[in-house]
Every structure is written in structure tokens, then in C-alpha cells.
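Chains A and B are the protein sequences, given in the same order. Just so you know, we're using the numbering used here here: the first sequence kicks off at 55 and counts up by one. Just so you know, we're using the numbering used here here: the second sequence kicks off at 55 and counts up by one. Think of the CB as a built atom: it goes at the ideal place given N, C-alpha and C, for glycine as much as any other residue. Have a look at the structure below before the remarks.
Protein chains: 2
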Amino acid sequence: MMACNREIVARMQSDVPLIPQLAAHLVAAGGKRLRPLLVLAAARVAGYREHGDDMRHVGVAACVEFIHTATLLHDDVVDNSQLRRGLASANAVFGNKASVLVGDFLFARAFQILTADGSLPVMAILSAASATLAEGEVMQMTTQNDLTTTVDRYLQVIYGKTAALFAAACETGAVVAKADDQTREALRQYGANLGMAFQLVDDALDYAADQAVLGKTVGDDFYEGKVTLPVLAAYHAGDSDEQAFWKRTIENNEEQQDGDLERALDLIAKTNAIDVTMAKAREYAEAASAALDQVSDTCRAVNVDMEPLRQLLKDVAIYTVDRAR
Amino acid sequence: MMACNREIVARMQSDVPLIPQLAAHLVAAGGKRLRPLLVLAAARVAGYREHGDDMRHVGVAACVEFIHTATLLHDDVVDNSQLRRGLASANAVFGNKASVLVGDFLFARAFQILTADGSLPVMAILSAASATLAEGEVMQMTTQNDLTTTVDRYLQVIYGKTAALFAAACETGAVVAKADDQTREALRQYGANLGMAFQLVDDALDYAADQAVLGKTVGDDFYEGKVTLPVLAAYHAGDSDEQAFWKRTIENNEEQQDGDLERALDLIAKTNAIDVTMAKAREYAEAASAALDQVSDTCRAVNVDMEPLRQLLKDVAIYTVDRAR
Chain A
55 MMACNREIVA RMQSDVPLIP QLAAHLVAAG GKRLRPLLVL AAARVAGYRE HGDDMRHVGV
115 AACVEFIHTA TLLHDDVVDN SQLRRGLASA NAVFGNKASV LVGDFLFARA FQILTADGSL
175 PVMAILSAAS ATLAEGEVMQ MTTQNDLTTT VDRYLQVIYG KTAALFAAAC ETGAVVAKAD
235 DQTREALRQY GANLGMAFQL VDDALDYAAD QAVLGKTVGD DFYEGKVTLP VLAAYHAGDS
295 DEQAFWKRTI ENNEEQQDGD LERALDLIAK TNAIDVTMAK AREYAEAASA ALDQVSDTCR
355 AVNVDMEPLR QLLKDVAIYT VDRAR
Chain B
55 MMACNREIVA RMQSDVPLIP QLAAHLVAAG GKRLRPLLVL AAARVAGYRE HGDDMRHVGV
115 AACVEFIHTA TLLHDDVVDN SQLRRGLASA NAVFGNKASV LVGDFLFARA FQILTADGSL
175 PVMAILSAAS ATLAEGEVMQ MTTQNDLTTT VDRYLQVIYG KTAALFAAAC ETGAVVAKAD
235 DQTREALRQY GANLGMAFQL VDDALDYAAD QAVLGKTVGD DFYEGKVTLP VLAAYHAGDS
295 DEQAFWKRTI ENNEEQQDGD LERALDLIAK TNAIDVTMAK AREYAEAASA ALDQVSDTCR
355 AVNVDMEPLR QLLKDVAIYT VDRAR
């Protein structure tokens with residue numbers, strides 16, 4: 055991960071000073087670097103060993119982080135967010151223009167690095183995931199304020215906006231390690247299910263987080279009229295009076311009043327909507343863990359020392375859900 | 055070009071209906087498709103012949119148009135433009151969110167198509183051009199409202215925002231045609247110089263176009279405080295009173311008053327700033343034309359019937375400047 059961080063800093067350089075300045079703002083804000091970590095971990099599970107200058111997985115990991123960072127920059131512009139991980143967002147500091155353009159730069163740079171790396175399968179995975187990501191974001195936009203959104207549709211949205219890149223990160227790790235097809239598919243499934251669990255928990259925390267502890271703001275999704283599983287669960291379980299409340303506040307989020315968030319939190323508690331969401335997250339986390347059991351016997355036989363890491367990734371999946379307890 | 059248009063429409067499809075809807079809005083608005091045309095023309099000059107299902111240059115041409123369209127969508131959001139080619143801009147119709155995200159989608163889709171095409175050199179050219187494009191846009195942003203911008207810096211900006219993709223379009227055409235290095239470089243130089251001429255004329259027209267004839271609005275750059283060659287030429291040739299006018303209006307474009315555009319046009323006429331700009335454009339157009347003389351003898355000997363097309367491209371370069379007369 056230290057090599058990956060160095061790669062990220064080295065490859066975001068540009069003769070145009072504002073680009074590394076803005077990018078550094080996000081790097082300094084200190085994300086979890088979960089996606090590049092997944093590339094590295096998946097590569098190791100699949101038997102990749104660094105030797106000499108063959109550190110391809112580090113470059114691929116940096117690209118995945120660039121693609122993720124580009125979408126964060128664009129999301130914050132699109133949502134007019136003023137905060138990101140508790141600090142002023144890049145658009146709040148540098149303006150919307152710079153954020154859109156530096157996002158574009160990072161995306162282009164990612165494909166420059168991947169081209170130099172030269173693996174068409176890795177590029178196929180990451181360009182497809184990037185297109186799916188954009189589709190997921192557009193789909194999320196069209197479900198906003200829309201309480202007729204089905205749970206299936208919601209799950210499609212979070213697959214696109216989050217799980218697709220998690221899946222791609224794990225799959226590229228497997229490809230770099232030249233894993234067999236079964237192991238590659240197992241790791242892809244792990245990433246996809248982990249991403250679903252991760253986003254479900256994120257959506258639950260938006261109505262449940264202890265802000266001081268988790269650095270998350272409660273109510274952002276509510277204020278934006280986003281249709282997430284906690285809202286859908288509470289809405290579907292509500293009586294007509296409660297459904298009218300959700301319609302008023304989610305379908306016309308700009309006309310929310312003082313006390314609305316408090317009532318939303320009460321209704322979510324009353325209908326056990328957080329439990330519903332967390333149960334769904336746990337299903338995905340368990341599927342992620344189970345997927346790792348599908349790593350091929352051949353792969354396991356060759357990489358005898360990967361067992362502790364595989365176990366750790368199984369624990370990560372479960373911890374993803376338990377962190378919210 | 056008809057095959058290319060079909061490819062563009064086919065490849066912008068998505069299960070998320072808003073994506074082709076928004077993309078079709080831009081396609082319907084009917085751009086000149088100059089960049090994909092350059093891919094096809096360069097490929098032909100370099101000896102590419104379509105036969106059977108080997109229509110790779112068409113796919114590459116569509117990708118170049120996708121990359122260009124993505125930047126147009128983002129530019130209009132960034133500049134808050136309400137019009138594009140005389141019609142309501144995509145952001146005016148579909149909103150900023152959708153425009154940013156569909157731009158991201160088109161960019162990702164371009165690299166998906168290129169990955170399937172499988173040419174690493176083509177991908178290297180287009181990913182580098184995309185990064186340069188974003189750098190050019192950021193650079194333009196930092197020169198906005200800044201009258202200390204040098205002419206060299208301005209030329210760097212227009213290379214990044216326009217000429218780099220023109221150069222890349224021509225170079226990828228040559229690569230698809232498996233041209234020798236000399237021919238590839240000749241076509242790249244043609245594109246780069248043509249792009250410079252094209253942008254210089256565009257910047258001149260912003261202060262000179264007969265709106266009814268060219269569908270261009272006069273004064274957009276002025277209202278935005280953009281520092282282009284017509285402004286720099288008029289500013290540098292102006293007396294202290296005139297320089298004070300430019301400082302007030304360009305450095306604080308939001309405080310422009312009624313009559314300011316008219317005075318700007320008068321000062322530009324008085325200082326022959328349009329002539330200065332057009333003379334520079336003509337230099338580049340002539341360099342573009344001359345670059346085509348560097349197409350290798352080997353290439354010319356093999357492709358005896360490319361001579362009329364090569365001559366046409368030379369004429370295009372000169373016409374790029376003469377269209378403004």
C-alpha cells in the first residue's frame with residue numbers, strides 16, 4: 055500500500071499546478087484506499103508475488119483509485135456537497151470547474167497508465183466498470199425523489215455506483231496474478247458482494263451513525279431525497295399517515311421543514327428499517343465470504359501461504375457489516 | 055462517415071434510457087463531426103482500404119467523437135452555457151448532473167470500444183490526448199480574467215483544449231492504416247497545426263462573426279472574461295486608457311456594463327486584433343498543409359489514388375482560415 059500511495063502521488067503530477075494541488079487535497083483528506091487495497095489483496099490471494107521491478111498490481115491499484123477519485127470529484131459537484139470525509143470538499147475549495155476537469159484528468163491518466171501496463175483484459179474490466187459506474191449514477195439520479203422505486207431497482211443502482219468497481223478491483227488483481235478462471239470469478243464475486251454490503255451499510259449509517267464516532271453526517275441522503283433501502287423499508291411498512299410524510303419529504307425534499315429529519319429517524323426506528331437494511335447487507339457479506347471458498351484448489355495448492363489473507367478477506371466482509379453495530 | 059454515424063448511435067446505447075436520450079440531443083444538434091472525419095481521412099491518406107468487416111477506423115473515429123462530446127458536455131456545465139450550436143445545451147435541457155455523468159459514460163464507453171479494438175498504440179495516443187485536453191481546460195481556467203497571460207501561454211492552452219485531439223485523431227488514423235513513422239508524424243503534425251488554426255479562427259470569430267451567417271454568438275468569450283488572442287493583441291496595442299478598459303472588463307467580467315462589448319469590438323477593430331489573430335491562424339494552416347508534403351514517398355508510391363484526398367486536406371487547412379472572411 056505504501057508503494058501504491060507513492061504511485062498515486064507520482065502519477066497525479068502535471069505541468070498544470072492546479073491539478074496536483076486539487077488531487078492532493080483529496081489524497082490528504084485520507085480516504086480508506088479500500089479499492090486499491092482490494093486489487094493488491096486479490097492479487098496476493100491469486101498467487102501474485104512481487105519480485106524486482108514487477109510491481110504491476112501497484113499501478114493497476116493506483117488506476118482504480120484514480121477512477122474512484124474522479125467519480126468522487128464529479129459526485130460532489132453534481133450533489134453540490136460542501137464536505138467530504140469531514141473536510142471541505144474539493145469543489146468547495148477549488149470550485150466546480152476545477153473539480154470536473156481534474157476528475158476528467160484523473161480518468162484519462164488512469165487509462166494512460168493502464169495502456170502503458172498493456173493488459174487488454176485489465177483495461178476491458180476497468181473501462182466496462184467505469185461505464186457501469188456512470189450508468190449507476192445516472193440511474194440513482196432518476197430514482198431520486200421517486201418512492202415507486204422498487205428494492206430491485208435500488209439494488210441495481212448500488213451495484214452500479216459501488217459494487218461494480220469493487221468487483222473490478224478484485225478481478226483485475228486476479229488477472230494480474232494470472233489466476234485460473236475459477237479463481238478470477240471467485241474474486242470478482244467476492245468484490246461484487248462486498249461492494250453491495252458496503253453500500254447498504256453506508257446507506258443505513260446515513261440514518262443511524264453516531265456522527266462523532268464515524269465522521270459521517272446523519273441525514274444527508276434524507277435532505278437530498280435519495281431513495282435508499284432504509285427509506286423504502288420504512289415507507290412500505292408505514293401506515294397512510296406515515297407514507298404521506300415520506301412522500302412529502304422525499305418527493306419534495308426541497309420543501310422539508312424543521313423536525314422532519316427527527317420524524318424520519320423515529321419512523322425508521324419504529325419500522326426496524328435499519329435492521330432490514332443491515333440484514334440485507336449481512337446476506338451480501340456472507341455471499342462475499344462464501345465466494346472466497348470458490349478459489350480453485352489448484353490456486354490454493356500452489357499458494358500455501360495465502361490462507362491467512364483469504365481468511366482476513368472473509369473477516370473484512372463480515373466486519374463491513376459489524377462496523378455499524 | 056455514414057458508417058461512423060451509425061456506430062456512434064449504436065454505441066451510445068445503454069439500459070439507462072436517459073443516457074441515449076441525452077447523447078441523442080447532442081447528436082441531433084448536428085456537430086460537424088470534424089474529428090472523426092480526420093480519423094477516416096488520415097487513414098485513407100495513409101493507405102487504409104476498407105474491405106469486408108475490417109472497419110476498425112470507423113470504431114476509432116466514433117471513440118474520438120465520444121471523447122470530444124464528453125468534453126463538450128462537461129464544458130457546458132463548467133461554463134454554465136445555455137446554448138450549443140444555436141440550440142438549448144444538454145445541461146439546459148437535462149440538468150448539470152446528467153450532463154456530467156453522461157460525459158463520464160461516453161468517455162468510459164470510448165475506452166471500452168478501444169479496448170475491444172485492441173490497439174495499444176491507438177489507446178496510448180487517445181488516453182494521452184484526453185489527459186492533455188483536461189490539462190488544457192484547467193490551464194484555460196487559470197488564465198481566465200488574467201491579462202498577464204502571455205501569447206505563448208495562450209497558444210499552450212489552445213493546443214491542449216483543441217489541437218491535441220485533432221493531432222490524435224489524425225495520428226490514430228495513420229496507426230490504423232499501419233503507416234510508416236514518417237507518414238504517421240506528418241499526419242500528426244497536420245492535425246496539430248490544423249487544430250491550432252481552427253481554434254484561433256474560432257477565437258477571432260467570437261469578436262467578428264456575422265451571427266446570422268455562422269450561427270456563432272459574438273461576445274461569449276468577452277462576457278466570460280476569457281483571455282484569447284484578439285483580446286491580448288488589442289490590450290498590448292492599446293494606450294493606458296484602453297488597457298484600463300480591458301482590465302476592468304476582462305479581469306472583472308461579472309461587473310461588465312451596457313456598451314462594454316461594443317467598445318471592445320471598436321478597440322479590436324482599431325488595433326487590427328482580428329487581423330493579428332487571423333495571420334497567426336494562417337501560419338498554422340500553412341504549416342498544416344506543408345506537413346502533408348512530408349507523407350513518405352513509400353506511402354505515396356503505394357497509394358497512388360490518395361493524391362486527391364491529400365490535396366483536399368491541404369485545402370481544408372486553408373479553408374479553415376478563409377471561412378472567416
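Start-to-end residues for the alpha helix (DSSP H) that takes in residue i
| i | result |
| --- | --- |
| Asn-247 (chain B) | 235–259 |
| Leu-315 (chain A) | 314–324 |
| Ile-372 (chain A) | 361–376 |
| Pro-175 (chain A) | 174–197 |
| Val-230 (chain B) | 218–230 |
| Leu-88 (chain B) | 88–99 |
| Tyr-338 (chain A) | 327–345 |
| Asp-108 (chain B) | Note, Asp-108 (chain B): premise wrong, no alpha helix (DSSP H); not H, not E. |
| Thr-162 (chain A) | It should be pointed out that residue 162 (chain A) corresponds to Ala in this sequence rather than to Thr. 150–171 is the span of the alpha helix (DSSP H), which, as asked, contains Ala-162 (chain A). |
| Ser-294 (chain A) | 294–300 |
| Pro-71 (chain A) | No alpha helix (DSSP H) contains Pro-71 (chain A), which DSSP labels as neither H nor E. |
Residue i at chain B interface by Cβ criterion, 8 Å
| i | result |
| --- | --- |
| Ser-68 (chain A) | yes |
| Gln-365 (chain A) | no |
| Ala-291 (chain A) | no |
| Thr-169 (chain A) | yes |
| Arg-65 (chain A) | no |
| Ala-217 (chain A) | no |
| Leu-72 (chain A) | yes |
Counted within 10 angstroms of its Cβ, other Cβ atoms place residue i as buried (16 or more) or exposed
| i | result |
| --- | --- |
| Asp-446 (chain A) | Outside the modelled stretch of chain A, which goes from 55 to 379, sits residue 446 (chain A), for which no answer is possible. |
| Leu-286 (chain A) | buried |
| Met-56 (chain A) | exposed |
| Pro-362 (chain B) | exposed |
| Ala-333 (chain A) | exposed |
| Ala-115 (chain B) | buried |
| Asp-256 (chain B) | buried |
| Gln-166 (chain A) | buried |
| Thr-186 (chain B) | buried |
| Ser-343 (chain A) | buried |
| Ala-78 (chain A) | exposed |
| Leu-155 (chain A) | buried |
| Glu-316 (chain A) | exposed |
| Lys-324 (chain A) | exposed |
| Thr-181 (chain B) | Per the sequence presented here, residue 181 (chain B) reads as Ser, with Thr not at that position. Buried is the call here. |
| Gln-194 (chain A) | buried |
| Tyr-244 (chain A) | buried |
| Ser-294 (chain B) | exposed |
| Gln-253 (chain B) | buried |
| Val-358 (chain B) | exposed |
| Lys-301 (chain B) | exposed |
| Glu-69 (chain A) | One point to set straight first is that residue 69 (chain A) is Asp, not Glu, in the sequence displayed. Answer is exposed; the Cβ neighbour count stays below 16. |
| Ala-164 (chain B) | buried |
| Val-356 (chain B) | exposed |
Test: residue i CB closer than 8 Å to a CB of chain A
| i | result |
| --- | --- |
| Lys-368 (chain B) | no |
| Leu-80 (chain B) | no |
| Arg-89 (chain B) | no |
| Ile-62 (chain B) | no |
| Gln-166 (chain B) | yes |
| Phe-161 (chain B) | yes |
Cβ-heavy atom distance, residue i to the ligand MG, below 7 Å
| i | result |
| --- | --- |
| Ile-73 (chain A) | For the ligand MG, the structure offers nothing, since it holds no ligand at all. |
* To do: Count the CB pairs spanning the region 227–237 of chain A and the region 312–325 of chain A that are closer than 8 Å, and state whether there are at least three.
  => With contact defined as three or more Cβ pairs closer than 8 Å, the region 227–237 of chain A and the region 312–325 of chain A are not in contact.
* To do: Can you give me, in chain order, the residues of the region 172–196 of chain A that have a beta carbon less than 7 Å from any beta carbon in chain B?
  => Answer in chain order: Gly-172, Leu-174, Met-177, Ala-178, Ser-181, Ala-182, Ser-184, Ala-185, Ala-188, Glu-189, Glu-191, Val-192, Met-193, Met-195, Thr-196.
* Do the region 201–214 of chain B and the region 218–225 of chain A make contact, defined as three or more Cβ pairs closer than 8 Å? -> They do not touch, by the three-pair rule.
* What are the residues of the region 140–158 of chain A that lie near chain B, defined by any Cβ-Cβ distance shorter than 9 Å? -> Cβ contacts with chain B come from Gly-149, Asn-150, Lys-151, Ala-152, Val-154, Leu-155, Val-156, Gly-157, Asp-158.
* Asked: Would you say the region 297–313 of chain B touches the region 184–199 of chain B, given that touching needs at least three Cβ pairs under 8 Å?
  -> The count of Cβ pairs closer than 8 Å, one atom from the region 297–313 of chain B and one from the region 184–199 of chain B, reaches three, so the stretches are in contact.
* **the region 95–124 of chain B: positions lying closer than 7 Å to chain A by Cβ** => Sequence-ordered contacts of the region 95–124 of chain B with chain A are nonexistent [C-beta pairs closer than 7 Å].
* For the region 126–137 of chain A, enumerate the residues whose C-beta is nearer than 7 Å to any C-beta of chain B, in chain order. => Within the region 126–137 of chain A, the residues whose Cβ lies closer than 7 Å to any Cβ of chain B are, in chain order, His-128, Val-131, Val-132.
* If we count Cβ pairs, one from each stretch, closer than 8 Å, do we get three or more for the region 162–180 of chain B versus the region 174–188 of chain A? -> Result yes; three or more Cβ-Cβ pairs closer than 8 Å.
* Asked: Would you say the region 91–111 of chain A touches the region 121–131 of chain A, given that touching needs at least three Cβ pairs under 8 Å?
  -> Judged by Cβ distances under 8 Å, the region 91–111 of chain A makes no contact with the region 121–131 of chain A, as fewer than three pairs qualify.
* **Inter-stretch contact at 8 Å, needing at least 3 Cβ pairs: the region 245–252 of chain A / the region 133–147 of chain A** => Between the region 245–252 of chain A and the region 133–147 of chain A there are fewer than three inter-stretch CB-CB distances shorter than 8 Å, so the stretches are not counted as touching.
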